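Report on one structure; see the data block that follows.
There are 2 protein chains.
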Amino acid sequence: MNVLWISAHPEPRSLNGSLREEGLRALTELGHEYRLSDLYAMGWNPVVGPEDYGHDPAERLHVADASAEAYESGRLSDDILAEQEKVEWADALVVQFPVWWYGLPAILKGWFDRVFVKGFGYGITREDGVALRYGEGKLAGKRALAVATIGARASALGPRGVHGDLTELLFPLLHGTFWYTGMAPLPPFVVYAADCLDDVECTAKELRSRLETLGTAEPLPFRTQNGGDYDEDLVLRPHLARGRTGLGVHWVS
Amino acid sequence: MNVLWISAHPEPRSLNGSLREEGLRALTELGHEYRLSDLYAMGWNPVVGPEDYGHDPAERLHVADASAEAYESGRLSDDILAEQEKVEWADALVVQFPVWWYGLPAILKGWFDRVFVKGFGYGITREDGVALRYGEGKLAGKRALAVATIGARASALGPRGVHGDLTELLFPLLHGTFWYTGMAPLPPFVVYAADCLDDVECTAKELRSRLETLGTAEPLPFRTQNGGDYDEDLVLRPHLARGRTGLGVHWVS
């Protein structure tokens, strides 16, 4: 497979750096090709602005429209185009980051904000006008694995842990970004209590074994938008996950 | 009250820009003082790095430790210090943004990543070692209101809507950031279907009436960490929200 590895830690000598090194070595040993977007090393600019779209700053900027026009006419800035080319090349994305404030570091959030423009990441419709997203879209057929480190221990990030269930905290990435654009989100690989980790080698080994199933692991069972589970207001039909609310209803159980 | 208004939209002539203008006018009319952090206008740098902490780049960077040392010794970079001073001055924060990929624009995420360093936003303990967070902490006593615009319609962001319940999508901000640092999170003010909005004046009026209750509105009823609801593993005790899982268990219902 072709794998795009995106990483977002300021310190290459960190746990994140070691895991990346091990992970990339494992990909090569498994016979995959990889390309790396090391956002800190690249000096990635995470801030959406008119210059992304060659937009005249004297004119009012409508982000979605301007991005769609620039995408269609090939006027996106070079750094965005380079990342889109990598995504198109890839069969799978590995997105690696330390969890900060229960989400992505800004440099990584801004990779999605800037690269997944309208026409590429969203705003894609069928001929009859139906939106293609949540399992359908331009990135359908690709797989996506989040690799996250977090300081808190596992119990505090479990289904009833004080910080909230980690898979639900990452729902904007797993469901709202990966699945939205058509990619199949794999269960995230999470290193808990990362600051107290006493055996990096053991964790690296676990990561390697997760990478062995990158092409075969069962994705998270999110519902498709156009499979009949949602009504015309995009609300889950009442006979499904009956009586329940919250993010958990969007998984098929 | 002293109000710090933080906004994160690249276009001042946008809906976000109009609402900000109306909101700030309303604050003045209500007799409040305000200060504004217009992140785009400031050219805010959202990327955490060693220079934030005056850290020698030849040495390995531990983000949490380096930030705590720099905070305690007054060596944080000037742009971070200026924002912390505004937060300390404020009785309430208004955090205004367009929802992008079901979260904060990178420039805003990186405001929290950089300003809420260890010792200021987290890592605060009682003398007996108990963590002060989720209702306690350095920012306790302040209020926080999120003002968000989003393209999707309300039904699709409701309790069973296809995108996920918006309050749960914003849990990392409302619970994991505002409440974590001790601030009382107010119910967010959300403009749905923002691209199709045909009456900005009406929306501005709704915002003004929400700002009238900035000092009095009932905050979201999140549970406190140290109030007895969680056990020693920081897991919600079984008799509370019995049998339920997911982010919703952290609200008192």
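Chains G and A supply the protein sequences, listed in that same order.
Here my numbering is used: the first residue of the first sequence is 1, the next is one more, and so on.
Here my numbering is used: the first residue of the second sequence is 254, the next is one more, and so on.
Ideal Cβ positions, reconstructed from N, Cα and C, are used throughout, including at glycine.
These numbers come from a predicted model, not from an experiment.
Within the continuous beta strand (DSSP E) that includes residue i, where are the two ends?
{"i": "Phe112/G", "result": "It is not in any beta strand (DSSP E) - Phe112/G instead sits in the alpha helix (DSSP H) that spans 106-115."}
{"i": "Asp65/G", "result": "Where Asp65/G is concerned, there is no enclosing beta strand (DSSP E), although the alpha helix (DSSP H) it sits in stretches over 63-72."}
{"i": "Trp258/A", "result": "255-260"}
{"i": "Ala26/G", "result": "Where Ala26/G is concerned, there is no enclosing beta strand (DSSP E), although the alpha helix (DSSP H) it sits in stretches over 15-29."}
{"i": "Leu398/A", "result": "396-402"}
{"i": "Glu51/G", "result": "First-last for Glu51/G: undefined, no H or E at that position."}
{"i": "Val87/G", "result": "Taken as a continuous stretch (DSSP letters only), Val87/G belongs to no beta strand (DSSP E), being part of the alpha helix (DSSP H) at 78-89."}
{"i": "Val191/G", "result": "189-191"}
Taking C-alpha atoms, which residue in the options lies nearest to residue i?
{"i": "Lys391/A", "options": "Val383/A, Thr378/A, Gly496/A", "result": "Thr378/A"}
{"i": "Gln349/A", "options": "Gly327/A, His262/A, Asp331/A", "result": "His262/A"}
{"i": "Leu467/A", "options": "Asp484/A, Cys455/A, Pro441/A, Asn479/A", "result": "Pro441/A"}
{"i": "Ser260/A", "options": "Val347/A, Tyr375/A, Ala447/A", "result": "Val347/A"}
{"i": "Leu211/G", "options": "Gln225/G, Asp78/G, Glu21/G, Pro12/G", "result": "Glu21/G"}
{"i": "Arg75/G", "options": "Thr167/G, Leu36/G, Val87/G, Tyr53/G", "result": "Tyr53/G"}
{"i": "Trp251/G", "options": "Ser77/G, Asp231/G, Leu61/G, Thr167/G", "result": "Thr167/G"}
{"i": "Leu280/A", "options": "Leu460/A, Tyr387/A, Gly480/A, Phe475/A", "result": "Leu460/A"}
{"i": "Glu59/G", "options": "Glu338/A, Lys339/A, Ser267/A", "result": "Ser267/A"}
{"i": "Ala82/G", "options": "Glu201/G, Gly129/G, Phe116/G", "result": "Phe116/G"}
{"i": "Asp482/A", "options": "Leu289/A, Ala494/A, Pro472/A, Pro265/A", "result": "Ala494/A"}
{"i": "Ser77/G", "options": "Leu61/G, His55/G, Glu88/G, Trp89/G", "result": "His55/G"}
{"i": "Ala437/A", "options": "Leu450/A, Leu422/A, Lys395/A", "result": "Lys395/A"}
{"i": "Ser506/A", "options": "Pro472/A, Asp484/A, Val488/A", "result": "Pro472/A"}
{"i": "Val502/A", "options": "Gly17/G, Ala68/G, Arg160/G, Pro238/G", "result": "Arg160/G"}
Chain A partners of residue i, CB-CB under 7 Å?
{"i": "Glu11/G", "result": "Arg313, Leu314"}
{"i": "Val249/G", "result": "Arg413"}
{"i": "Ile124/G", "result": "Here the premise fails: no neighbours, minimum Cβ distance about 14 Å."}
Would residue i and residue j be called neighbours here (beta carbons separated by less than 8 Å)?
{"i": "Trp258/A", "j": "Leu277/A", "result": "yes"}
{"i": "Tyr445/A", "j": "Ala407/A", "result": "yes"}
{"i": "Ala393/A", "j": "Gly429/A", "result": "no"}
{"i": "Pro299/A", "j": "Asp366/A", "result": "yes"}
{"i": "Gly225/G", "j": "Val415/A", "result": "The amino acid at residue 225/G is misidentified as Gly; the sequence shows Gln. Yes. Within cutoff."}
{"i": "Gly499/A", "j": "Gly103/G", "result": "no"}
{"i": "Phe301/G", "j": "Tyr134/G", "result": "An answer regarding residue 301/G cannot be provided, because it is not within the stretch 1 to 253 covered by chain G."}
{"i": "Lys362/A", "j": "Lys109/G", "result": "yes"}
{"i": "Met1/G", "j": "Ala146/G", "result": "no"}
{"i": "Leu314/A", "j": "Glu11/G", "result": "yes"}
{"i": "Ala409/A", "j": "Leu234/G", "result": "yes"}
{"i": "Trp101/G", "j": "Trp44/G", "result": "no"}
Assuming the contact rule is C-beta atoms closer than 8 Å, residue i and residue j should be a hit. Round their C-beta distance to whole Å, please.
{"i": "Val256/A", "j": "Tyr287/A", "result": "5 Å"}
{"i": "Tyr324/A", "j": "Gly372/A", "result": "4 Å"}
{"i": "Phe171/G", "j": "Gly417/A", "result": "6 Å"}
{"i": "Gly404/A", "j": "Asp448/A", "result": "5 Å"}
Starting from residue i, find everything on chain G with Cβ-Cβ shorter than 8 Å and list it in chain order.
{"i": "Ala409/A", "result": "Asp233, Leu234, Val235"}
{"i": "Thr430/A", "result": "Trp101, Tyr102"}
{"i": "Glu421/A", "result": "Glu168, Phe171, Gly246, Leu247"}
{"i": "Gln337/A", "result": "Result: empty, since nearest Cβ-Cβ is about 16 Å, beyond 8 Å."}
{"i": "Tyr387/A", "result": "Val162"}
The alpha helix (DSSP H) spanning residue i covers which residue range?
{"i": "Val200/G", "result": "200-212"}
{"i": "Leu345/A", "result": "Checking the displayed sequence, the identity of residue 345/A turns out to be Ala instead of Leu. Careful: Ala345/A lies outside any alpha helix (DSSP H), inside the beta strand (DSSP E) at 345-351."}
{"i": "Tyr483/A", "result": "Note, Tyr483/A: premise wrong, no alpha helix (DSSP H); not H, not E."}
{"i": "Tyr293/A", "result": "292-295"}
{"i": "Thr125/G", "result": "First-last for Thr125/G: undefined, no H or E at that position."}
{"i": "Leu166/G", "result": "166-169"}
What residues from chain G crowd round residue i, counting only those whose CB sits closer than 7 Å?
{"i": "Phe365/A", "result": "Trp101"}
{"i": "Gln478/A", "result": "Val162"}
Since residue i meets chain A, which of its residues come closer than 8 Å, beta carbon to beta carbon?
{"i": "His32/G", "result": "Here the premise fails: no neighbours, minimum Cβ distance about 27 Å."}
{"i": "Tyr230/G", "result": "Val415"}
{"i": "Asp165/G", "result": "Thr498, Gly499, Leu500"}
{"i": "Pro46/G", "result": "Pro299, Val300, Ala359, Ile360, Gly363"}
Please list, in chain order, the chain G residues whose beta carbon lies closer than 9 Å to that of residue i.
{"i": "Pro303/A", "result": "Pro10, Glu11"}
For chain C, is any of its Cβ atoms less than 8 Å away from the one on residue i?
{"i": "Ala204/G", "result": "Note that chain C does not occur in the displayed structure, where the protein chains are G and A."}
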